[in-house]
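Numbered according to full-length UniProt numbering, the sequence shown spans residues 1 to 594.
Glycine included, every Cβ here is placed at the ideal spot set by N, Cα and C.
Keep in mind it's a predicted model, so treat the numbers as computed, not measured.
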Amino acid sequence: MRTINLLQRMNIYQEVFLSILYRVLPIQKYIEPVYFYIYTLFGLQAIYVTALYITSWLLSGTWLSGLLAAFWYVTNRIDTTRVEFTIPLRENWALPFFAIQIAAITYFLRPNLQPLSQRLTLLAIFISTFLFSLTWQFNQFMMLMQALVLFILDSLDMLPAVKVTWLYGIQLTGLLLVCILQFFNSMILGSLLISFNLSVLIARKLQKNLKTGSFLNRLGKLLLHLFVVLCLTLFLNNIIKKILNLKSDEHIFKFLKAKFGFGATRDFDANLYLCEEAFGLLPFNTFERLSDTLLFYAYIFVLSITVIAALAVAFHNLSDSTNQQSMYKMGEYTIGLKPETAYNLIHTILFGFLALSTMRMKYLWTSHMCVFASFGLCSPEIWELLLKLIHLYNPKRICIMRYSIPILILLYLCYKFWPGMMDELSELREFYDPDTVELMNWINSNTPRKAVFAGSMQLLAGVKLCTGRTLTNHPHYEDNSLRERTKAVYQIYAKRAPEEVHALLRSFGTDYVILEDSICYERRHRRGCRLRDLLDIANGHMMDGPGENDPDLKLAGHPRFCEEIKRNLPPYTAYFTRVFQNKTFHVYKLSRNK
1 MRTINLLQRM NIYQEVFLSI LYRVLPIQKY IEPVYFYIYT LFGLQAIYVT
51 ALYITSWLLS GTWLSGLLAA FWYVTNRIDT TRVEFTIPLR ENWALPFFAI
101 QIAAITYFLR PNLQPLSQRL TLLAIFISTF LFSLTWQFNQ FMMLMQALVL
151 FILDSLDMLP AVKVTWLYGI QLTGLLLVCI LQFFNSMILG SLLISFNLSV
201 LIARKLQKNL KTGSFLNRLG KLLLHLFVVL CLTLFLNNII KKILNLKSDE
251 HIFKFLKAKF GFGATRDFDA NLYLCEEAFG LLPFNTFERL SDTLLFYAYI
301 FVLSITVIAA LAVAFHNLSD STNQQSMYKM GEYTIGLKPE TAYNLIHTIL
351 FGFLALSTMR MKYLWTSHMC VFASFGLCSP EIWELLLKLI HLYNPKRICI
401 MRYSIPILIL LYLCYKFWPG MMDELSELRE FYDPDTVELM NWINSNTPRK
451 AVFAGSMQLL AGVKLCTGRT LTNHPHYEDN SLRERTKAVY QIYAKRAPEE
501 VHALLRSFGT DYVILEDSIC YERRHRRGCR LRDLLDIANG HMMDGPGEND
551 PDLKLAGHPR FCEEIKRNLP PYTAYFTRVF QNKTFHVYKL SRNK
């Protein structure tokens, strides 16, 4: 039997902390553990909305902006959060801390902060960064995007270099501390974020006077700096991975390579991601829903104006190395961009590209979209710039626009969406899955407590939770050996001989295997994306059904195992005995003497 250190492999420190809290507090008589867990997570979502409120207020200077951001977040909840239908997701723990971090960074980037305020803000950034990293396995990729935001703004002289260095250091420290708490998780040490941040800091030391000279001179230095950082990042990352013999994240890079058209792949793990809707492109109907609440229109309006201002300021900074202020003189008008505004602008652009390419990541973008759009509508700087550009500038007009438009939008949102939200809150539903309940009850009543079960990752997670039985494969994909084990177990849905499947399953100590009709006869995915198709392609076999196959794929020498075993023919009954069956599941006991 192989034991997995869950604290090392999975981000579950929050559950450990919560369980201790539940035992310590005198609340066990009044609330069940499951409700304590649910209410804690819902409370964390309230903190999430509060952080969005504060960020918008800090950017615009008015509480009205924060109120509009919160209203937009709630009315667009289908696209801003998944907490209402999948409560224990890691992102539901992590994103509130990410929002707190963004709020703290927004305040930290303000000029002329008092030393005490700066130190307290840095502490808030560190704590929120650490908690975000501790609670979500995708932490390194999100913070890499954030590091790219800092790199772009620092290169264009739109942020103070000293503050950027502090933020790089906090990212590194927070992630390394998480690495220690996760028993030196090698995937964290081999992350691109650590390599990138170290490369940026090294490149700064190597390249002196990076921000001096004429426009062309600075542009050349900037391109060279970018090249040096890129090469150093790849070099350091490869060295670290070779030293650690790290293969935990190779499936992610195979997936990205295939997703962005750098070559097709037959890799089972990469194709498993490619075929999931959550990892596909952002559907167009998302923008229709966001437009219904006026969020998307407001966002595009604010984004357009701030991008124009940012381009003007960036050009000015590269052209005039003597003037370090983010200001650009255009005729009789001056265009400025505050450091905190510049940060949130590049943040929303990069996370927007991430969301467009990968639907699962849209929740990082849409929540910030609420902040950015509400800030722009309530910002005196945005309205001042717009009114000056169209020659209608007047201080009174700015005041009227920044308050009247948000109030009108709030009234519209209340009128259109409030009744529907009240109806939703009054609705009570119950989860109903009698086949799964029957299966779990049968396992508890009819199998030894030390019995070992094989099956799909999703189902086995339920088996472990409901029955406590031992599993052959675990629903954790950030480990190479576990991925290989899962692929081997999934041969129960491939075209393999019964003796081969039996040998594979027995090599993992399997006593029982659970087959699911919903996988064996799957129709949800298109041909080429069904689990059985992915296994056929990985095994070099032709896929079932009408359609083309790659010319080098061959006809399998055996029928599909999950279909053929149900016929109870001698080659199968010699190795497998059916012990349970309902409309969804078929459980077979493996013979031990073969």
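- Residue environment: Y588 is assigned as buried (16 or more neighbouring CB atoms within 10 Å of its CB, all protein chains considered).
- Per DSSP, the unbroken beta strand (DSSP E) holding T577 starts and ends at F576 to Q581.
- DSSP places V437 in the uninterrupted alpha helix (DSSP H) bounded by P434 to N446.
- Going by DSSP, F351 is part of the alpha helix (DSSP H) stretching over P339 to S357.
- The residue among L354, T366, I170 and I105 with its C-alpha nearest the C-alpha of L294 is T366.
- Of all alpha-carbon atoms in L67, Y48, N11 and E424, the one lying nearest the alpha-carbon of L408 is that of L67.
- Straight across, the Cα-Cα distance linking N139 with N568 is about 48 Å.
- A distance below 7 Å between beta-carbons, with the five flanking residues on each side excluded, links M145 to the following residues of its chain, in chain order: L350, F351 and L354.
- Restricting attention to L120, I492 and V579, the CA atom closest to the CA of N446 is found in V579.
- The Cβ atoms of L377 and V302 sit closer than 9 Å to each other.
- Here Y512 is bridged, per DSSP, to F453 and K589.
- Nearest C-alpha to T106 among L25, P339 and G455: P339.
- If you draw a 10 Å sphere on the C-beta of N238, you find fewer than 16 other C-beta atoms in it, and that means exposed.
- By the neighbour-count definition (other C-beta atoms within 10 Å, threshold 16), K205 is an exposed residue.
- By alpha-carbon distance to E250, the top candidate from E478, E564 and R523 is E478.
- Judged by DSSP in its simplified three-state form, K208 adopts coil rather than helix or strand.
- In this structure the region 20-38 does not lie against the region 205-223, because fewer than three pairs of beta carbons, one per stretch, are closer than 8 Å.
- Per DSSP, the unbroken alpha helix (DSSP H) holding N217 starts and ends at F215 to L244.
- In this chain, the alpha helix (DSSP H) harbouring Y297 covers L295 to S319.
- Between K495 and F453, the CB-CB gap reaches or exceeds 9 Å.
- Around the Cβ of I100, a 10 Å sphere holds 16 or more other Cβ atoms; the residue is buried.
- Within 10 angstroms of the beta-carbon of V83 lie 16 or more other beta-carbons, which makes it buried.
- In terms of CA proximity to L553, A538 leads the group A538, I565, K221 and K566.
- Its chain contains no residue whose beta carbon lies nearer than 6 Å to that of I180 once the 5 sequence neighbours on both sides are disregarded.
- Distance between T577 and G557, taken at the CA atoms: about 23 Å.
- Taking C-beta separations shorter than 8 Å and ignoring five residues to either side along the sequence, the partners of T86 in its chain run N92, following chain order.
- Closest by C-alpha distance to Y48, out of P448, I38 and P96, is P96.
- Judged by beta-carbon spacing, M142 lies within the 9 Å limit of L364, meaning their Cβ atoms are closer than that value.
- Between K450 and A278, the alpha-carbon positions lie close to 36 Å from each other.
- Burial is judged here by how many other beta carbons sit within 10 angstroms of a residue's own beta carbon; V229 has at least 16 and is buried.
- Annotated three-state conformation of G557 is coil, per DSSP.
- Taking a 10 Å sphere around the C-beta of H502, we find 16 or more other C-beta atoms and assign the residue as buried.
- Non-local beta-carbon contacts of G509 in its own chain, meaning distances under 6 Å to residues more than five positions away in sequence, involve V452 in chain order.
- DSSP lists V452 as the beta-bridge partner residues of T470.
- Taking the C-beta atoms as reference points, C414 is found no nearer than 9 Å to W72.
- Bridge partners of H541 according to DSSP: K554.
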